[in-house]
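Asks: This is the structure I have questions about; it appears just below.
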């Protein structure tokens, strides 16, 4: 009886937390179909009193939403693919190869996760200026190619793959390039899926770094572009909510696509090593 009561209580708590988490997104979606005067009214309603779609049409009046959206999608996909590849190959080397200084190297990788991002932003900015990458996509892609979190996750996950499989492939004449791409990569899909969700979300929502290194409006990303809705004297909240609603769609698609392997990847990376 006690177990049943505790289960019901836990489910109620989770339901409340779920509603609290989801409600702001539901309110934003509903508000994207409201007029600004209704959004700013003292008496609020969840559903629009007057349903309009002009917010989705007028959001291009503030900036080229389609261009910014395409820029963000391109950069996010490129960064995510590069991080997945570099994290998997580094995790493979650190978990399956024995060489002098391996533990020291892995410790250095872990230390990058402990340094606050605000500490490294000035050296990174200086390096971008020295290489002449300001106002270019190289400034966004190159510093994000390697992820300490991704390497850690993949090392833990690949460590669970039996060494006998790799040795059998070597005996059959497979080289390391073939082993990595045809054996390790397919067997690490759970870990790759979990990293893909995190990395896509981080790259898609990144605001400060694109704001610092990209100066041309036609090259700017969506996270920075949404700031343009804030006028000097007023803000077009309806168009802002419409643009923000559309900007969430890629994240939802990525999560729905990888969700089957997401939990398994997190669990495997957490307990193996």
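In UniProt numbering, the protein residues as written are 1 to 273. All residues carry an ideal CB built from backbone N, CA and C; glycine is no exception.
Just to confirm, is the Cβ distance from residue 86 to residue 145 under 8 Å?
Replies: On the chain shown, position 86 is the one that residue 86 refers to. On the chain shown, position 145 is the one that residue 145 refers to. Taking 8 Å as the Cβ cut-off, residue 86 and residue 145 qualify as a contacting pair.
Asks: Should residue 117 be labelled buried (16 or more other beta-carbon atoms within 10 Å of its own) or exposed?
Replies: In the chain shown, the residue the question calls residue 117 occupies position 117. With fewer than 16 Cβ atoms within 10 Å of its Cβ, residue 117 is classed as exposed.
Asks: Along the chain, where does the alpha helix (DSSP H) that runs through residue 149 open and close?
Replies: Within the chain shown, numbered from 1, the residue matching residue 149 stands at position 149. Looking at the DSSP string, the run of the alpha helix (DSSP H) that includes residue 149 is 148-158.
Asks: Going along the chain, which residues of its own chain have a beta-carbon closer than 8 Å to the beta-carbon of residue 53, five neighbours each way excluded?
Replies: For this step, residue 53 is matched to residue 53 along the chain shown. Around residue 53: 33.
Asks: Leaving out five residues before and five after residue 237 in sequence, what residues of the same chain have Cβ atoms less than 6 Å from its Cβ?
Replies: Indexing the chain shown from 1 puts residue 237 at position 237. Once the five neighbours on either side are set aside, the close Cβ partners of residue 237 are 36, 39.
Asks: How far does the alpha helix (DSSP H) with residue 171 in it reach, from first residue to last?
Replies: For the purposes of this step, residue 171 is taken as residue 171 along the chain shown, with counting starting at 1. First-last of the alpha helix (DSSP H) with residue 171: 163-171.
Asks: Would you say residue 219 and residue 71 are within 8 Å of each other, going by their C-beta atoms?
Replies: To locate residue 219, count along the chain shown from 1; it is residue 219. To locate residue 71, count along the chain shown from 1; it is residue 71. It is a contact, given that the beta carbons lie within the stated cut-off.
Asks: Pick from 240, 196, 204: whose alpha carbon is nearest that of residue 259?
Replies: The residue you call residue 259 lines up with position 259 of the chain shown. The shortest Cα separation from residue 259 among 240, 196, 204 belongs to 196.
Asks: Rounded to whole angstroms, what's the CA-CA distance from residue 250 to residue 171? Just pull it up for me.
Replies: Taking the chain shown and counting its residues from 1, the one referred to as residue 250 is at position 250. Taking the chain shown and counting its residues from 1, the one referred to as residue 171 is at position 171. Approximately 44 Å, taken between the alpha carbons.
Asks: Please state the DSSP three-state secondary structure of residue 230.
Replies: Residue mapping note: residue 230 aligns to position 230 of the chain shown, counting from 1. In this structure, residue 230 counts as strand in the three-state DSSP scheme.
Asks: Please report how far the alpha carbon of residue 96 lies from the alpha carbon of residue 112, in whole angstroms.
Replies: For the purposes of this step, residue 96 is identified with residue 96 of the chain shown, where counting begins at 1. For the purposes of this step, residue 112 is identified with residue 112 of the chain shown, where counting begins at 1. Their backbone Cα atoms lie some 22 Å apart in a straight line.
Asks: Quick one: using the 10 Å Cβ neighbour count with 16 as the cut-off for buried, is residue 173 buried or exposed?
Replies: The sequence position of residue 173 within the chain shown is 173, counting from 1. By the 10 Å Cβ count, residue 173 comes out exposed.
Asks: Under the rule that 16 or more other beta-carbon atoms within 10 Å means buried, what is residue 181, buried or exposed?
Replies: For the purposes of this step, residue 181 is taken as residue 181 along the chain shown, with counting starting at 1. Under this definition residue 181 is an exposed residue.
Asks: Out of 80, 124, 148, which one is the CA nearest neighbour of residue 108?
Replies: For the purposes of this step, residue 108 is taken as residue 108 along the chain shown, with counting starting at 1. It is 148 whose Cα lies nearest to the Cα of residue 108.
Asks: Tell me which same chain residues have a C-beta within less than 7 Å of the C-beta of residue 78, skipping the five on either side of it?
Replies: As a first step, residue 78 must be located in the chain shown, where it is residue number 78. These residues qualify, in order along the chain: 141.
Asks: Grab me the residues of residue 106's own chain with a C-beta within less than 6 Å of its C-beta, minus the 5 sequence neighbours each way, in chain order.
Replies: Along the chain shown, read from residue 1 onward, the residue named residue 106 stands at position 106. Contacts found: 94.
Asks: List the DSSP bridge partners of residue 245.
Replies: For the purposes of this step, residue 245 is identified with residue 245 of the chain shown, where counting begins at 1. Residue 245 pairs with nothing; no bridge assigned.
Asks: Take residue 204 as the anchor and find which of 43, 44, 26, 73 has the nearest alpha-carbon.
Replies: To locate residue 204, count along the chain shown from 1; it is residue 204. Of the listed residues, the one whose Cα sits closest to residue 204 is 73.
Asks: Residue 144 lies in the alpha helix (DSSP H); which residues open and close that run?
Replies: Counting from 1 along the chain shown, the entry for residue 144 is found at position 144. Counting along the chain, residue 144 falls outside any alpha helix (DSSP H), and DSSP gives it neither H nor E.
Asks: Do you know how far the Cα of residue 75 is from the Cα of residue 192?
Replies: In the chain shown, the residue the question calls residue 192 occupies position 192. In the chain shown, the residue the question calls residue 75 occupies position 75. Residue 192 and residue 75: Cα-Cα distance of roughly 19 Å.
Asks: Following the continuous alpha helix (DSSP H) through residue 3, name the residue where it begins and the one where it ends.
Replies: Here residue 3 refers to the residue found at position 3 when the chain shown is read from its first residue. Taken as a continuous stretch (DSSP letters only), the alpha helix (DSSP H) holding residue 3 covers 2-31.
Asks: Residue 46: buried (16+ other C-beta within 10 angstroms of its C-beta) or exposed?
Replies: Here residue 46 refers to the residue found at position 46 of the chain shown. Answer is exposed; the Cβ neighbour count stays below 16.
Asks: Using only CA atoms, which one of 11, 31, 200, 20 lies nearest to residue 257?
Replies: As a position in the chain shown, residue 257 is number 257, starting the count at 1. For the residues 11, 31, 200, 20, the minimum Cα distance to residue 257 belongs to 200.
Asks: From residue 90 to residue 194, what distance separates their C-alpha atoms?
Replies: As a first step, residue 90 is located in the chain shown; it is residue number 90 there, counting from the start. As a first step, residue 194 is located in the chain shown; it is residue number 194 there, counting from the start. Their backbone Cα atoms lie some 16 Å apart in a straight line.
Asks: So, for residue 155: in the same chain, excluding its five sequence neighbours on each side, which residues have a beta-carbon less than 6 Å away from its beta-carbon?
Replies: Along the chain shown, one-based indexing puts residue 155 at 155. Within the same chain, residue 155 has close Cβ partners 91, 94, 95.
Asks: Classify residue 254: buried if its beta carbon has 16 or more other beta carbons within 10 angstroms, exposed otherwise.
Replies: Position 254 of the chain shown holds residue 254. Flag for residue 254 reads buried.
Asks: Starting from the C-beta of residue 21, find all residues in its chain whose C-beta is less than 8 Å away, skip the five residues before and the five after it, and write them out in chain order.
Replies: Mapped onto the chain shown, residue 21 falls at position 21. If we look at residue 21 and ignore the five residues flanking it on each side, it has no Cβ neighbours.
Asks: Where does residue 257 sit, in a helix, a strand or coil, going by DSSP?
Replies: Walking along the chain shown from the start, residue 257 turns up at place 257. Note: residue 257 maps to helix in three-state DSSP.
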